[in-house]
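Residue numbers (this note's numbering): 262 to 706.
Cβ atoms here follow ideal geometry from the backbone N, Cα and C, with glycine treated the same way.
Data first, discussion second: the structure below is written as structure tokens.
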Ligand SMILES: Nc1ncnc2c1ncn2[C@@H]1O[C@H](COP(=O)(O)OP(=O)(O)OP(=O)(O)O)[C@@H](O)[C@H]1O
Ligand SMILES: [Mg+2]
């Protein structure tokens with residue numbers, strides 16, 4: 262079993278110092294575990310009143326997933342434990358609880374609504390929770406479970422379009438939500454892999470939702486935007502309008518398909534195809550000069566040969582075009598194409614090809630930008646790349662979940678008193694174990 266909204270526990274350490282701290286100064290460690298088709302990455306963040314500081318990352322290749330879904334438990338477990346070990350060493354903390362990502366084309370999104378009577382004439386958090394509970398009470402297939410209940414808008418009496426109804430006067434609270442559902446077996450496999458590494462899973466989060474947390478601005482969500490997270494095995498699409506999610510879906514193709522096309526088209530091993538793609542790949546053939554050449558290693562004892570770089574881009578371009586055509590079709594099918602005024606934000610390792618944003622702009626017919634994680638401090642140079650959007654976003658998601666849980670604890674009379682916010686509490690602050698990374702930094706400067 263995994264714990265929803267769980268907390269990382271500071272390790273018992275003989276070097277711990279006792280400090281008296283204001284409750285609001287209290288910092289917590291939140292760990293994102295992105296279990297992707299090509300890699301597992303663990304991102305350690307320290308959350309305090311000033312925001313999130315990235316303390317460490319671990320990034321390990323993984324072959325235990327197929328198209329975003331765990332297909333080999335042992336390989337996945339090995340990659341998770343190596344990634345966690347590396348992140349622990351760099352951050353100098355012990356990781357016990359993680360926010361884990363999930364992807365795959367079993368993920369679906371459907372709308373629902375709920376209504377509840379407001380107790381006491383003023384909408385409180387309890388009323389919001391009650392109406393959200395009502396919205397999730399719809400029949401779901403026996404082999405599926407609800408992953409997220411994402412409010413689109415609240416209605417108080419006859420007023421609609423409300424983002425946060427808490428504190429408003431009224432007698433009737435309504436909500437329109439999007440429910441993200443996933444195959445229970447796939448969710449359980451993610452949890453099982455993490456538990457086999459002695460980790461507690463605080464929550465399982467849709468990968469693209471986490472990526473959106475890391476790369477999209479609130480303004481973009483407000484005026485309408487879609488995020489396209491092109492990973493190795495899948496391309497995830499998530500669309501926001503008026504600050505709320507209106508569409509979530511997964512396309513079962515990504516960067517690995519591009520690599521496989523190159524391997525087949527140029528008759529070269531997969532590893533070499535991957536290297537050629539990263540070093541010389543281009544999504545838009547016309548920007549490649551005619552006289553550029555690349556060396557393609559042969560397969561099965563054949564000699565390497567020189568090939569125009571244009572041949573490589575001619576292989577890549579149709580696959581990328583195919584993926585973006587599906588993205589466009591999915592957006593058109595929602596009937597919301599015109600409302601995505603902020604256009605599309607591309608993220609995930611698969612979008613790192615030269616010419617990608619220009620080509621996406623042509624196919625999608627709207628502004629496109631590249632999205633890397635923002636809104637964190639610390640060792641940002643290691644995570645400011647599209648492959649880390651999900652990992653960093655999981656930390657941001659976890660930080661929000663903790664803040665939400667703390668708010669509830671502070672405000673709800675049944676859970677604690679309002680006065681606790683000013684209370685001085687005694688907290689145990691461990692002296693952080695200096696990791697190898699910190700030693701290296703200290704030595705370097
Ligand atoms: N410099 C680069 N140029 C082109 N492609 C790249 C580059 N770096 C990484 N990629 C591609 O990015 C993909 C991996 O991206 P990412 O790490 O976001 O995927 P993932 O999270 O493991 O997979 P998924 O999200 O599909 O489960 C691989 O297909 C890889 O070939
Ligand atoms: Mg991914």
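| Item | Value |
| --- | --- |
| Between the segment 656–665 and the segment 291–298, can you find at least three pairs of beta-carbon atoms closer than 8 Å? | yes |
| For residue 409, which residues does DSSP report across the bridge? | 441 |
| State the Cα-Cα distance for the pair residue 371 and residue 667, rounded to the nearest angstrom. | 29 Å |
| Measuring alpha carbon to alpha carbon, tell me which residue in 360, 589 and 537 is nearest residue 451. | 360 |
| Indicate, with yes or no, if ligand 2 has a heavy atom lying under 7 Å from the CB of residue 297. | yes |
| Excluding the 5 residues flanking residue 548 on each side, which residues of the same chain have their C-beta closer than 6 Å to its C-beta? | 616 |
| Just how far apart, CA to CA, sit residue 610 and residue 665? | 31 Å |
| Report yes if the C-beta distance between residue 589 and residue 625 is below 8 Å; otherwise report no. | yes |
| To the nearest angstrom, how far is it from the Cα of residue 570 to the Cα of residue 599? | 37 Å |
| Give me the DSSP bridge partner(s) of residue 415. | 423 and 436 |
| Taking 7 Å as the cut-off, is the beta-carbon of residue 517 closer than that to any non-hydrogen atom of ligand 4? | Within the structure as shown, ligand 4 is missing, the only ligands being ligand 1 and ligand 2. |
| Please work out which residues of its chain come closer than 7 Å, Cβ to Cβ, to residue 678, disregarding the five sequence neighbours upstream and downstream, and give them in chain order. | Below a pLDDT of 50, predicted positions are generally treated as unreliable, and residue 678, at 36, falls in that range; no measurement from the model is reported. |
| Got a sec, what are the start and stop residues for the alpha helix (DSSP H) residue 479 sits in? | 479–484 |
| Going by CA-CA distance only, name the one from 481, 391, 428 and 594 that's closest to residue 510. | 594 |
| Just mark residue 564 as buried or exposed, buried being the case when its beta carbon has 16 or more other beta carbons within 10 Å. | exposed |
| Which value, in whole angstroms, describes the spacing of the CA atoms of residue 513 and residue 429? | 43 Å |
| With hydrogens ignored, establish whether the beta-carbon of residue 496 is closer than 7 Å to any heavy atom of ligand 2. | no |
| Can you check which of these residues, 420, 434 and 541, is closest to residue 711 by C-alpha distance? | Nothing in the structure corresponds to residue 711, since the chain is present only between 262 and 706. |
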